[in-house]
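Remarks on the structure that follows.
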Amino acid sequence: MTATPVPAMVELQGVAKRYGEVNALHRVDLSIAKGEFVTLLGPSGSGKTTLLNLIAGMITPSSGRIVIDGRDATTLPTNRRGLGMVFQNYALMPHMTVFENIAFPLEVRRLSKAEIKRKVGEALELIQLGHVANRKPRELSGGQQQRISLARCIVYNPTLILMDEPLGALDKKLREQMQLEIKRLHAELGITMLYVTHDQDEALTMSDRIVLMNGGRIEQQGAPDTLYFRPETVFSAEFIGSSNLIPGTVEIDADGAYALKTALGRFAAPAPDMALAAGAPAVLLVRPENMALAAAPTAASVAGHIEDSILLGGVVRHFVRCANGSTLVIQELNQPGRSGAHRGDAVRAAWQPQHGRLLPPAPAG
Amino acid sequence: MLLLAPLTAVMLLILIYPLGLTLWTSLYNGRFSFDAYAELASSTLFLRVLRNTFEIAVGGTLVSLLFGYPVALHLAAQPPRKRTAYLIMVMLPFWTSILVKSFALVAVFGNQGLINQFLGFVSGGTVNLPMMFNRVGVILGMINFLLPFMILSILGSLLSLDRRLILAAETMGAGPLRIFWKITLPLSMPGVLAGVLINITLSIGMYITPALLGGRQDMMVANLVDFYTRQTLDWTAASATAMVLLILSGLLVAMLGKVRGAAGLAGAGA
Ligand SMILES: Nc1ncnc2c1ncn2[C@@H]1O[C@H](COP(=O)(O)OP(=O)(O)OP(=O)(O)O)[C@@H](O)[C@H]1O
Ligand SMILES: [Mg+2]
């Protein structure tokens, strides 16, 4: 974070959207700084597209105010918001060539023919697709089409670009390549980007900040590291990364040290970020990569036996079945000469107490 | 397969047999010759009627396109339930006989018709805008029949247009006029072309409408066939004329098939 506050590119103030009885978006406050790369992450139906379309002006909010670049845009028509949008299905004009597609927004802005030619050329250069200028979109691969739709977006230098799952239709390898390409364009051009995805890896890879959505509300927002290491709810912990969650009740020592009393034992844990009273129900989160197999009891460990071990290339994942029937997941680096653990072996799942994190229990339902 | 046999026989009997007979009559008059066609080619009456036919068909089709496109555009913008209700209204002309409709048109557009009476009432004099028993009358009568085909054909194209293209254009700053000219219109061209061809094909064979609502100058090819068979009893000329009409319509239908095919391809590629 910089010392001087960056002016906001987008500001949502208490923006809500209802469809009849459905609350697609509850009152949301969100501010996006100029030049920031913000990702809206969340499960299907959590309101990501709704939020994006509200900013694009394709739908109007039921209440609240939308400010774009210091201007009240709540009721401004889409075509006067001066932003760019990249669609999941690319939305390229099928009857126009690649050149004509990219030239379209420049023609809208009444640039001269020569200038259009130069700018389209530059944009094609930027995405390294100069050789397809005269083709129709349907003669291109999905990845190429998406790059053209990116070029069409950046060619007119919008100050804000919205993307709704732009890579959703591409295969994994191409998706990773395009993620880097979009990141590169963001760094080079300094455009503010608001990016929608339901893929947590994509969000972690690309974002300056992740806004995690759940049921039409913002569940938590912060830098990828913050969301990963300091989730504030069980939902956040489970949505980003994988997690071991052990339910129990909070105990606080005379000297203020926290612990959780659970069916698997009593585990010391760092003081929580949120208010958790002694005796209150809580959940202990330990990431699988912070757990290890141990032979003897440690400061925090649970006895069990190996139910399964799977090899994922660089890492190995062990599933340890505990006495009360719950399963803990341990993730270790896969190294040559790694001591083999076999199905049925009696082991202990151990972690360092400072790697645990106390969270309020998930709301019922 | 077996069930198709009787059907094929019936088709042969009611379609191919008379067609063959017509062809035969046009070519055989005591002896076998192309004389009837040669005579047609040099007949001023036939050539004038042929020109009439094209003028009326093209004129009627253009008027139908002019009215049909905005209606289709409006229908495409409606929510599905409303659209169905409106579509029933569009199909309404098909529920009444062309004869009844023709008389109804006279009641509205004729010299003593509603419009002239209204204009007379407004202007305080007698108004006799000639709108019946001339070319205007023929075209008015025709579009009544042609419009539904035009509207349905264009509506099909408009409904298959991806709405996200319009949204994309809007985010790029395009106004409604540019979106119409650059996106909606070109992408609905297959429907427009199909509608135009259907309309021309239908109107080229018009018979009752020009007979009831047109003047002397508005004779069309089908009326000429009638003229030869019933007034001059020249069956050879009548058959040759009918064959020319058939070939013209056949060519148009073939073109229609091409357009349909192209439209299908465009849809599959998008
Ligand atoms: N036009 C609409 N009419 C009624 N309900 C709608 C409409 N659009 C969205 N909704 C509802 O609003 C909620 C949020 O939808 P939204 O499209 O924003 O979800 P999303 O997070 O983008 O999901 P996905 O990941 O599946 O795209 C959903 O419950 C959805 O059913
Ligand atoms: Mg969505």
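Residue numbers (our numbering), protein chains in the order written: chain A, 1 to 365; chain B, 1001 to 1270.
For glycine and all other residues, C-beta sits at the position ideal for the given N, C-alpha and C.
The structure displayed is predicted, hence computed values, not measured ones.
Beta-bridge partners of residue i, as assigned by DSSP
i, result
"Phe319 (chain A)", "A:Asp308, A:Val329"
"Ile384 (chain A)", "Given a span of 1 to 365 for chain A in the structure shown, any question on residue 384 (chain A) remains unanswerable."
"Ser31 (chain A)", "A:Glu11"
"Trp351 (chain A)", "A:Met291"
"Pro247 (chain A)", "A:Val283"
"Lys172 (chain A)", "Lys172 (chain A) pairs with nothing; no bridge assigned."
"Gln200 (chain A)", "Paired residues: none, contrary to the question."
"Leu162 (chain A)", "A:Met85, A:Leu194"
"Arg266 (chain A)", "A:Lys261"
"Val1221 (chain B)", "Answer is none; Val1221 (chain B) lacks a bridge partner."
"Ile68 (chain A)", "A:Val10, A:Arg71"
"Asn277 (chain A)", "One point to set straight first is that residue 277 (chain A) is Ala, not Asn, in the sequence displayed. Paired residue(s): none; Ala277 (chain A) is not in a bridge."
"Tyr19 (chain A)", "A:Val22"
"Val38 (chain A)", "A:Leu194, A:Arg209"
Within-8 Å CB hit, residue i to chain B
i, result
"Val108 (chain A)", "yes"
"Met163 (chain A)", "no"
"Tyr19 (chain A)", "no"
"Met9 (chain A)", "no"
"Gly84 (chain A)", "yes"
"Ala169 (chain A)", "no"
"Ala91 (chain A)", "yes"
"Phe104 (chain A)", "yes"
"Thr2 (chain A)", "With a pLDDT of 48 at Thr2 (chain A), under the threshold of 50, the predicted position of this residue should be treated as unreliable, and no value is reported."
CB contact check: residue i to chain A, cutoff 8 Å
i, result
"Gly1352 (chain B)", "Outside the shown range of chain B (1001 to 1270) lies residue 1352 (chain B), about which nothing can therefore be said."
"Gly1125 (chain B)", "no"
"Ile1154 (chain B)", "no"
"Gly1195 (chain B)", "no"
"Gly1191 (chain B)", "no"
"Phe1164 (chain B)", "The amino acid at residue 1164 (chain B) is misidentified as Phe; the sequence shows Arg. Chain A, which has a Cβ nearer than 8 Å to the Cβ of Arg1164 (chain B), makes this yes."
"Ala1077 (chain B)", "no"
"Val1072 (chain B)", "Note on residue identity: the sequence assigns Ala, not Val, to residue 1072 (chain B). Chain A, which has no Cβ nearer than 8 Å to the Cβ of Ala1072 (chain B), makes this no."
"Trp1181 (chain B)", "no"
"Arg1135 (chain B)", "no"
"Arg1178 (chain B)", "yes"
"Leu1158 (chain B)", "no"
Chain-ordered chain B contacts of residue i [CB-CB under 8 Å]
i, result
"Thr78 (chain A)", "Leu1167, Glu1170, Thr1171"
Under 7 Å by beta carbon: chain A residues contacting residue i
i, result
"Pro1186 (chain B)", "His95"
"Gly1175 (chain B)", "Asn79"
Check: residue i C-beta below 7 Å from any heavy atom of ligand 2
i, result
"Asp164 (chain A)", "yes"
Beta-carbon neighbours of residue i, restricted to chain B and to distances below 7 Å
i, result
"Gly58 (chain A)", "Here the sequence assigns Met to residue 58 (chain A), which means Gly is not the residue at that position. Near Met58 (chain A) (Cβ distances below 7 Å), the residues of chain B are Leu1167."
"Phe87 (chain A)", "Arg1164, Ala1168"
Chain A residues whose Cβ lies nearer than 9 Å to that of residue i
i, result
"Arg1081 (chain B)", "Going along chain A, no residue has its Cβ under 9 Å from Arg1081 (chain B), so there is no contact; the nearest lies around 16 Å."
"Ala1085 (chain B)", "Per Cβ cutoff of 9 Å: no residues; Ala1085 (chain B) is ~22 Å from chain A at best."
Give the residues whose C-beta lies closer than 6 Å to at least one heavy atom of ligand 1, in chain order. A:Tyr19, A:Val22, A:Ala24, A:Gly42, A:Ser44, A:Gly45, A:Ser46, A:Gly47, A:Lys48, A:Thr49, A:Thr50, A:His198
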